[in-house]
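Just below is one structure, and these are the notes that go with it.
Numbering (the UniProt record's numbering), first residue to last: 1 to 237.
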């Protein structure tokens, strides 16, 4: 229950800041709940890499008593494996270079700002997904939320984007070095693709499948599989 943000800074150390709020039927009960809140923090070295684990030792039945805001700062030159799990909270990542990034929340948005990773797996519900990132192996899913992303497309990759009840806007590279293999569909809306030199195998109002002419010979090959329901879709360069 609370937002999580992770970003980098120009220091060699890391910082984890927590803002913990507790509720109760009385002030004394809220204070008692706050005293009972236990933070588990473990710092270790595994195969030469630093490992940080942050968790909360409270029963699931007590989650609704607390709100926890987490802000993490990591060294800018660190290559990061990141696994975040929350509920009823947004997650934001800024200025990160990562290997594998896994995000899992509910009732919260995902925001990316200048993020690069080998893989991103992110799932939420009732939350929008926005920002810019690059990850050759991407799966992102939400429901009741819009998707608004900018993909630099400087390396070959596959992007799977899923939502329901949400508009989808994806901006990609206009470079002639990049070819696209597109599968875009909605159940109630209009799919619009504003990319040049496409060969369409399916070209309907709610569904389009297309490839850049000469796709196989392109230096960078991007597979984009996008679907929504009750929302229109725009893919542009």
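Cβ atoms here follow ideal geometry from the backbone N, Cα and C, with glycine treated the same way. Predicted model only: the values in this text are computed from it and were never measured.
Remark: C-beta atoms of residue 140 and residue 128 do not approach each other more closely than 9 Å. Annotation: residue 16 to residue 217 spans about 46 Å, alpha carbon to alpha carbon.
Residue 68 is a Cβ neighbour of residue 1, given a cutoff of 9 Å. Partner residues in the beta bridge of residue 182, as assigned by DSSP, are 210 and 224.
Here residue 198 is buried. Its C-beta has 16 or more other C-beta atoms within 10 Å.
For the 9 Å CB-CB criterion, residue 33 and residue 62 form a contact.
When DSSP states are grouped into helix, strand and coil, residue 36 belongs to the helix group.
Setting aside the 5 residues that flank it on each side, residue 123 is surrounded in the same chain by 104 and 141, each with a C-beta closer than 6 Å to its C-beta; the list follows chain order. If the five residues before and after residue 221 are omitted, its C-beta is found closer than 6 Å to the C-beta atoms of 156 and 179, all from its own chain and listed in chain order.
For residue 81 and residue 101, the gap between their C-alpha atoms comes out near 6 Å.
Here the alpha carbons of residue 203 and residue 213 stand approximately 15 Å from one another.
Residue 217 carries a helical assignment under DSSP once its states are collapsed to helix, strand and coil. Listed in chain order, the non-local C-beta contacts of residue 52 below 6 Å within the same chain comprise 43, local neighbours out to five positions each way being set aside.
In this structure, the CA atom of residue 110 is about 32 Å from the CA atom of residue 200. Annotation: the continuous beta strand (DSSP E) that includes residue 75 extends over 66-75.
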